[in-house]
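Quick note on numbering: UniProt numbering labels position 583 of the sequence shown as 583, and the sequence is numbered without any gaps.
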Amino acid sequence: MARSGYEAGMKMMEELTTNAEQIQEQVLEEILGRNAGTEYLRRFLRGETDTKLFKANVPIVTYEDIKPYIDRIANGEPSDILLDEPVIQFYRSSGTSGGQPKLIPTTAELANKGAIFDTLLQSVMTKHFGDLDHAGKRMELMFTKPVIETPSGLQAASVTTSIFKKSGFRTISKLYTSPIETIFCSDTKQSMYCQLLAGLIRRDEVVTVGSTFASTVLRSIKFLEDYWQELCSNIKIGQISDWIIDSGCRNAASLILKHNPDLAYSIENICSCKSWEGIIRKLWPKAKYISAINTGVMSQYTAELEFYGGGLPLVSGFYACSEAICGINLEPLSKSSDVSYTFLPNMAYFEFLPMKKDCVTISQDQAQFDGLSRHESIEKKTNNEDTEPVDLVNVKPGQCYELLVTTSAGLYRYRVGDILMVSGFHNNTPQFRFVERQNVILSIHADKTSEADLSKAVTEAKALLDPLGIFLTGYTSYGDTSSIPGHYVLFWELKGKEGNNIKEVDPKIMVECCSKMEESLNYTYKMYRKENEIAALEIRVVKQGTFDALMDYYVSKGASLSQFKAPSCTKSMEALKILDSRVIGKFFSPKTPI
Ligand code: AMP
Numbered sequence: 001m002a003r004s005g006y007e008a009g010m011k012m013m014e015e016l017t018t019n020a021e022q023i024q025e026q027v028l029e030e031i032l033g034r035n036a037g038t039e040y041l042r043r044f045l046r047g048e049t050d051t052k053l054f055k056a057n058v059p060i061v062t063y064e065d066i067k068p069y070i071d072r073i074a075n076g077e078p079s080d081i082l083l084d085e086p087v088i089q090f091y092r093s094s095g096t097s098g099g100q101p102k103l104i105p106t107t108a109e110l111a112n113k114g115a116i117f118d119t120l121l122q123s124v125m126t127k128h129f130g131d132l133d134h135a136g137k138r139m140e141l142m143f144t145k146p147v148i149e150t151p152s153g154l155q156a157a158s159v160t161t162s163i164f165k166k167s168g169f170r171t172i173s174k175l176y177t178s179p180i181e182t183i184f185c186s187d188t189k190q191s192m193y194c195q196l197l198a199g200l201i202r203r204d205e206v207v208t209v210g211s212t213f214a215s216t217v218l219r220s221i222k223f224l225e226d227y228w229q230e231l232c233s234n235i236k237i238g239q240i241s242d243w244i245i246d247s248g249c250r251n252a253a254s255l256i257l258k259h260n261p262d263l264a265y266s267i268e269n270i271c272s273c274k275s276w277e278g279i280i281r282k283l284w285p286k287a288k289y290i291s292a293i294n295t296g297v298m299s300q301y302t303a304e305l306e307f308y309g310g311g312l313p314l315v316s317g318f319y320a321c322s323e324a325i326c327g328i329n330l331e332p333l334s335k336s337s338d339v340s341y342t343f344l345p346n347m348a349y350f351e352f353l354p355m356k357k358d359c360v361t362i363s364q365d366q367a368q369f370d371g372l373s374r375h376e377s378i379e380k381k382t383n384n385e386d387t388e389p390v391d392l393v394n395v396k397p398g399q400c401y402e403l404l405v406t407t408s409a410g411l412y413r414y415r416v417g418d419i420l421m422v423s424g425f426h427n428n429t430p431q432f433r434f435v436e437r438q439n440v441i442l443s444i445h446a447d448k449t450s451e452a453d454l455s456k457a458v459t460e461a462k463a464l465l466d467p468l469g470i471f472l473t474g475y476t477s478y479g480d481t482s483s484i485p486g487h488y489v490l491f492w493e494l495k496g497k498e499g500n501n502i503k504e505v506d507p508k509i510m511v512e513c514c515s516k517m518e519e520s521l522n523y524t525y526k527m528y529r530k531e532n533e534i535a536a537l538e539i540r541v542v543k544q545g546t547f548d549a550l551m552d553y554y555v556s557k558g559a560s561l562s563q564f565k566a567p568s569c570t571k572s573m574e575a576l577k578i579l580d581s582r583v584i585g586k587f588f589s590p591k592t593p594i
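Rendered as structure tokens:
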């Protein structure tokens, strides 16, 4: 983006964040002005557009509550049962955050908001990294899923697929190394191979490396570990491998692939090093940063990404969901653990349901300090039902909230399912840290371990593997009740930093990891453990590639690789089958709890 463009974008950002309150009011008034007459809102507003009535009468809902309306539209009824503007298509959410993929209506107005968001995001990036559009190309790994047609004839696709399919994307696709045909190849293996090939061929032009989420960047590094020799051989002889049969991929590759032994040797030299520390920087020496969301469930990949990045900044640019675009990170160079998203008041009408207490589990000390009984401590942690939501500008620093969105596209006081913590303000607009997904809960007996608590316990335990040069490359969990008492099972995939395949880990260390996790888990868990109502925590080490297989399973079920988020805990029998069939070691914390 040129200087004048970025300055205009930054000016808009300042105006939006200074006038957040008025803009939010306007957004809500406009939504009600257009949609109050819909069948859905008439039930609560009787056609009136008063914002106070909206807050008093319109219920807070989940997807399940509005699904009947969405299904009716998908089946051919007019969209004005839910929203005034015509639905142009549906976004399919990833469905990996602990549920089935959802269909979210989208409209031309929302598409406009997307364009404004792009301008704002690019302005922030240009401010910090300069005009990269004219400095080279971005190696952004992008994947699409075939578009589905609903009975009404409306298309349904993931947000990322929809973005790449827009005609506007074709005009900016020259900014990327990946030829458009490789992005649209529905076979993720062929797509990944050809996108990496294109990125390697243009390695001297690459100014950023990334994907939407950190896990996809790491998936590509693992892929490169398996395929760099073949890729180099293709570059050496100027011919693509026979197994690339997708005609779009073959054609695109034939246009960029030239016989280039020098390039192949230089890549071989880098990739044949024993350690892949800093491999991204070595392969793409002009890259300025790695762009990939690495907050929330993605934070588990930060250490590994930093290792491969060799000092390149990791940039978590934005926070968005299929339902609404929410915020931008105004300090893209901040440490992953400090990343905050400044909300954009023009994108949707945002409300925040206060979590009754701290959203992270009450610590033992805190619970004792508060004089809570076991029952009360559980209640206090989970209950936010009887509190009133607050407006965007009225949130309090340090407080955790569940996000509600109201959009012009038919979502009214809709629970996105994410918990956020207010970390500060930019002008009059709050900034939030992503805490966890509300519905991702590891549970056994009456213990409920939230995603953030689980992540904290795993982080503390995996630190014991650090001195051994071992990464935890993926984890998930479930509550095993097949024996009494039940217990928590964690699946861990490990990898040596030197690229070595971990066949065996010192059992003593793994038992320590189990204990460390238990130590870190919440007060309620420990109480049940002491009373032997929950049995010793177990870590099952799975062989390398297991979490790729899990990702492949979810992608085969409809998730897009560009939007995939690993489940921190699962109840899916199929997922557990994939995990259990790859276990190479089982470890338990000592029988007597801490
Ligand atoms: P989807 O359901 O596929 O639309 O994915 C949206 C979800 O991804 C959000 O509701 C969050 O749970 C997660 N997400 C999106 N952006 C971020 C981010 N910057 N940090 C953490 N999680 C995110």
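Virtual Cβ for every residue (Gly too), placed ideally from N, Cα, C.
Computed from a prediction, not measured in an experiment: that's the story for all the values here.
Any non-hydrogen atom of ligand 1 within 7 Å of residue i CB
| i | result |
| --- | --- |
| V315 | no |
| F547 | no |
| A157 | no |
| F471 | no |
| Y414 | no |
| F318 | yes |
| S93 | yes |
| G296 | yes |
| D338 | no |
| I70 | no |
| C185 | no |
| R433 | no |
| Q563 | yes |
| G417 | yes |
| C321 | yes |
| I293 | yes |
| R582 | no |
Helix, strand or coil at residue i according to DSSP, with G and I counted as helix
| i | result |
| --- | --- |
| D262 | helix |
| H426 | strand |
| M142 | coil |
| F90 | strand |
| Q195 | helix |
| F184 | coil |
| I104 | strand |
| C400 | strand |
| P345 | coil |
| L333 | coil |
| Q431 | strand |
| L353 | strand |
| Q22 | helix |
| R437 | strand |
| R540 | strand |
| E149 | strand |
| I534 | coil |
| L305 | helix |
| C321 | coil |
Cα-Cα separation, residue i to residue j
| i | j | result |
| --- | --- | --- |
| H445 | D418 | 24 Å |
| I31 | M421 | 27 Å |
| A2 | G309 | 27 Å |
| E7 | K127 | 8 Å |
| T331 | P105 | One point to set straight first is that residue 331 is Glu, not Thr, in the sequence displayed. Distance between the alpha carbons of E331 and P105: 32 Å. |
| R219 | Y301 | 11 Å |
| F434 | Q563 | 17 Å |
| T160 | F352 | 26 Å |
| V511 | I584 | 15 Å |
| D204 | G136 | 9 Å |
| residue 598 | K165 | Limits of the chain in this structure are 1 at one end and 594 at the other, which puts residue 598 out of reach. |
| S167 | A157 | 15 Å |
| E451 | S568 | 7 Å |
| E25 | V395 | 16 Å |
Exposed unless 16 or more other CB atoms sit within 10 angstroms - verdict on residue i
| i | result |
| --- | --- |
| M573 | exposed |
| H134 | exposed |
| L255 | exposed |
| I378 | Its pLDDT being 38, under 50, I378 is placed unreliably in this model, and the coordinates cannot settle the point. |
| P590 | exposed |
| G327 | buried |
| K495 | buried |
| S556 | exposed |
| I290 | buried |
Within-8 Å CB hit, residue i to chain B
| i | result |
| --- | --- |
| D226 | The structure shown contains no chain B, having only a single protein chain. |
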